[in-house]
Structures are given as structure tokens and as C-alpha cells.
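Chemist:
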Amino acid sequence: MQGNKNIMISADKAMELVNLKIEKLENSGVRNFLIFCTGHFERVKTKGFIVIPENIIYGILSGLGITKVGIIVPEEEQICDSMSQYGDFNPVIKAASPYKDIENLRAVAQKFKEEDVELILTDCMGFTEKMGRIVKKASGKNVIVPRVFIPNMIKSLIR
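Just so we're aligned, residue 80 is where the sequence shown starts under the working numbering, counting upward by one.
1) Pick out whichever of S141, S218, K190 and P225 has its Cα sitting closest to the Cα of G118.
2) Do the CB positions of G158 and I199 come within less than 9 Å of each other?
3) My output table needs one value for V152: the three-state DSSP class, helix, strand or coil.
4) Please report the straight-line C-alpha distance between I101 and K126, rounded to a whole angstrom.
5) Look at the alpha carbon of E155 and the alpha carbon of E105, and state the distance between them as a whole number of angstroms.
6) Whole angstroms are fine: how far does the CA of I114 sit from the CA of P230?
7) Excluding sequence positions up to five away, which residues of its chain have a Cβ less than 7 Å from the Cβ of A175?
8) Beta-carbon within less than 7 Å of I172's beta-carbon, same chain only, minus the 5 sequence neighbours each way: which residues are those?
9) Looking at the unbroken alpha helix (DSSP H) that takes in N221, where does it start and where does it end?
10) Are P170 and F206 touching if we call contact CB-CB under 9 Å?
11) If I follow the unbroken beta strand (DSSP E) through L198, where does it start and stop?
12) State buried or exposed for F191, treating a residue as buried only when at least 16 other CB atoms are found within 10 Å of its CB.
13) Is it true that the CB of L140 sits closer than 9 Å to the CB of V130?
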């Protein structure tokens with residue numbers, strides 16, 4: 080996302096593009112893939128591994144025994160999708176774009192102070208580690224930042 084712009088395409092178009100890119104990369108010898116998006120993606124056939132953040136995030140929330148999660152998505156229009164992805168965790172979802180005013184993110188995070196959530200998930204790879212610290216400080220809650228922990232998890236698997 081060059082230039083801090085938000086790009087929206089249909090899920091079908093995204094899957095079509097992902098499948099084409101994976102096929103092309105596999106033909107050049109690549110075997111393992113990371114979908115650098117926290118949205119919902121159907122598992123695609125590959126000759127190697129494909130890491131889909133949504134599945135890992137779900138597993139972590141489940142493994143931690145989370146019963147109520149706070150979630151920050153970039154756009155209001157994404158709240159319904161996030162609700163269906165993480166409905167098992169009774170989500171409280173608010174919107175604040177990682178590509179816009181950082182003060183808006185801080186203000187949204189502060190609203191979670193009053194919410195009875197066990198932790199907050201920044202539900203987009205656009206949220207940085209610094210933004211996660213801002214959310215933690217403003218909300219007083221622990222924060223999961225997929226952009227930080229998923230690449231670190233992958234690094235630990237391939238060492």
C-alpha cells in the first residue's frame with residue numbers, strides 16, 4: 080500500500096488475483112506463502128504452505144480462552160466482515176484507519192477503556208507496532224498486532 084492509501088476490491092477479485100499470483104510463483108519455484116491480509120481468504124491449493132492470518136488469529140484467540148475481544152478495523156464497512164470472522168469471541172468492533180490520522184486511532188482506542196474486552200486485535204496488516212503501542216496506552220488493554228506477530232512466528236518456524 081504505497082502512499083498510505085486504502086484500496087478496496089471484491090473478495091472474489093482478491094481470490095482470483097491471489098490464485099494467479101500463487102500459481103505464477105509456484106511455477107518459478109516458490110513453495111511457501113503468506114497472505115499479508117487479516118481478511119477472510121479461502122485456502123488455496125499449493126505445493127507448500129500458505130499462512131492465512133485469519134486462521135492463526137482465530138487459533139490464538141481460542142487458545143487464550145478469549146470470550147470477548149475488542150477489534151479495530153480500518154473502515155466502518157469492514158465491521159460486518161470482522162463480526163462474522165470473530166463472532167465466536169463476542170467482538171466489540173470499532174473503525175480507525177491505519178492510513179489516516181493517528182489521533183483518530185488514539186481516540187477510538189480510548190473508547191475501549193470502558194468496554195469489557197479482554198484484549199484488542201488490530202484487524203489489518205496496515206496497523207504497525209507503534210500503532211499497537213498507541214492502542215495499548217490509550218485503552219489500557221493488551222493488543223494483538225498481526226503485522227508484528229505473524230512474521231515473527233514464521234521466522235521462528237523456518238530457522
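We put the beta carbon where it would ideally sit given N, CA and C, even for glycine.
All of these numbers come straight from a predicted model, not from anything done at the bench.
Modeler: So, from the data block:
1) Here residue 118 refers to the residue found at position 39 of the sequence shown. Nearest of S141, S218, K190 and P225 to G118, Cα basis: P225.
2) Start at 1 with the first residue of the sequence shown, and residue 158 comes out as number 79. Start at 1 with the first residue of the sequence shown, and residue 199 comes out as number 120. Per the sequence shown, the amino acid found at residue 158 is Ile instead of Gly. Going by beta carbons, I158 and I199 fall outside the 9 Å limit.
3) In the sequence shown, residue 152 corresponds to position 73, counting from 1. Looking at V152 - three-state DSSP - the assignment turns out to be strand.
4) Taking the first residue of the sequence shown as 1, we reach residue 101 at position 22. Taking the first residue of the sequence shown as 1, we reach residue 126 at position 47. Our two residues, I101 and K126, have alpha carbons roughly 10 Å apart in a direct line.
5) Counted from its first residue, the sequence shown places residue 155 at position 76. Counted from its first residue, the sequence shown places residue 105 at position 26. Separation of E155 and E105 (C-alpha to C-alpha, rounded to the nearest whole angstrom) is 36 Å.
6) Residue 230 sits at position 151 when you count from the first residue of the sequence shown. Residue 114 sits at position 35 when you count from the first residue of the sequence shown. Each residue's Cα considered, the two are about 11 Å apart.
7) By one-based count along the sequence shown, residue 175 stands at place 96. Taken in chain order, the residues that qualify are I151, N183, L184 and V187.
8) Mapped onto the sequence shown, residue 172 falls at position 93. Apart from sequence neighbours up to five positions away, the residues of its chain that approach I172 with a beta-carbon distance below 7 Å are I150, V152, I158, S161 and M162, ordered along the chain.
9) The sequence position of residue 221 within the sequence shown is 142, counting from 1. First-last for N221: N221 to I223, but that is the beta strand (DSSP E), not the alpha helix (DSSP H).
10) As a working note, residue 170 is residue 91 in the sequence shown. As a working note, residue 206 is residue 127 in the sequence shown. No, they are not a contact pair.
11) For the purposes of this step, residue 198 is identified with residue 119 of the sequence shown, where counting begins at 1. Looking at the DSSP string, the run of the beta strand (DSSP E) that includes L198 is L198 to T201.
12) Within the sequence shown, the letter at position 112 stands for residue 191. Counting Cβ neighbours within 10 Å, F191 comes out buried, since at least 16 surround it.
13) One-based indexing of the sequence shown puts residue 130 at position 51. One-based indexing of the sequence shown puts residue 140 at position 61. The answer is no: Cβ separation not under 9 Å.
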